[in-house]
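Asks: In my numbering, the protein residues as written are 1427 to 1575.
Next up is a structure, given as structure tokens.
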Ligand code: DQA
């Protein structure tokens, strides 16, 4: 049987990982993160579609494309977490298991980061664990997909 496809979607400014506020986000790059997800996917028997965009509309379009195609979504919506009702609506609309990931612990940071619209559409939220958060999210999605198959 084909491996379940999991979309790993990354929002704005995550293309600058490694350069951007390294004291918060670390020195590893988006390519390094993609490699971590690819390795986790291999170990878990998942096919990974890893993407990053700076555009809210593009992120929403990618979520729509997951309907009927992907078995689940791991998403770091970055700044759109805190602002985008439209992204939350899209994630509700596709009716797939969603795990929200943040590299930093958003609850330790500025008050405006403490609320995420996306969390309302997520089965679970992982924050503050850096790249490991993505590995753990993929493990959680693998278990959910297996249980609900
Ligand atoms: C982030 C946290 C967000 O508040 C921020 O806007 C980001 C990255 C994280 O991964 O820690 O861009 O999602």
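A virtual CB, placed ideally from N, CA and C, is assigned to each residue, including glycine.
With residue 1459 and residue 1451 assumed to form a contact (beta carbons below 8 Å), what rounded beta-carbon distance in angstroms separates them?
Replies: Counted from its first residue, the chain shown places residue 1459 at position 33. Counted from its first residue, the chain shown places residue 1451 at position 25. In fact, because the Cβ distance is near 10 Å, the residues do not count as touching under 8 Å.
Asks: Name the residue from 1545, 1467 and 1432 whose alpha carbon lies nearest to the alpha carbon of residue 1488.
Replies: Here residue 1488 corresponds to residue number 62 of the chain shown, with the count starting at 1. When only C-alpha atoms are compared, the closest one is 1432.
Asks: Taking only three categories from DSSP, how would you classify residue 1478?
Replies: Translated into the one-based positions of the chain shown, residue 1478 becomes position 52. The answer is strand: DSSP assigns residue 1478 an E or B state.
Asks: Residue range of the beta strand (DSSP E) that residue 1433 falls in?
Replies: Along the chain shown, one-based indexing puts residue 1433 at 7. From DSSP, the beta strand (DSSP E) with residue 1433 extends over 1431-1436.
Asks: Throw me the rounded Cβ distance for the residue 1565 and residue 1470 pair, which I believe falls under 8 Å.
Replies: As a first step, residue 1565 is located in the chain shown; it is residue number 139 there, counting from the start. As a first step, residue 1470 is located in the chain shown; it is residue number 44 there, counting from the start. Between residue 1470 and residue 1565 the Cβ distance is about 6 Å, and since that is below 8 Å, they are a contact.
Asks: Span of the beta strand (DSSP E) holding residue 1505?
Replies: Numbered from its first residue, the chain shown carries residue 1505 at position 79. That residue, residue 1505, is in no beta strand (DSSP E); it is neither H nor E in DSSP.
Asks: Return the first residue and the last residue of the alpha helix (DSSP H) that residue 1465 is part of.
Replies: By one-based count along the chain shown, residue 1465 stands at place 39. Residues 1456-1470.
Asks: Using 6 Å as the cut-off, classify the Cβ of residue 1416 as near or not near the heavy atoms of the ligand DQA, replying yes or no.
Replies: There is no way to answer for residue 1416, as the model of the chain reaches only from 1427 to 1575.
Asks: Quick check on the burial criterion: 16 or more other C-beta atoms within 10 angstroms. Buried or exposed for residue 1474?
Replies: Residue mapping note: residue 1474 aligns to position 48 of the chain shown, counting from 1. Classification for residue 1474: buried.
Asks: Report yes or no: do three or more beta-carbon pairs, one from the segment 1489-1496 and one from the segment 1504-1511, lie closer than 8 Å?
Replies: Counting Cβ pairs under 8 Å, fewer than three are found: no touch.
Asks: My understanding is that residue 1551 touches residue 1517, with C-beta atoms under 8 Å, so please give their C-beta distance in whole angstroms.
Replies: If you number the chain shown from 1, residue 1551 lands on position 125. If you number the chain shown from 1, residue 1517 lands on position 91. The Cβ separation is near 12 Å, so there is no contact.
Asks: Should residue 1550 be listed as close to the ligand ZN, given that the test is whether its C-beta is under 6 Å from any heavy atom?
Replies: Annotation note on the ligand ZN: not contained in the displayed structure, which lists the ligand DQA as its ligands.
Asks: Does the ligand DQA have even one heavy atom less than 6 Å from the beta-carbon of residue 1505?
Replies: Against the chain shown, residue 1505 aligns to sequence position 79. Because some heavy atom of the ligand DQA lies under 6 Å away, the Cβ of residue 1505 counts as near it: yes.
Asks: For residue 1478 versus residue 1436, is the C-beta distance shorter than 7 Å?
Replies: Locating residue 1478 in the chain shown gives position 52, counting from the first residue. Locating residue 1436 in the chain shown gives position 10, counting from the first residue. Yes, Cβ-Cβ distance for residue 1478 and residue 1436 is below 7 Å.
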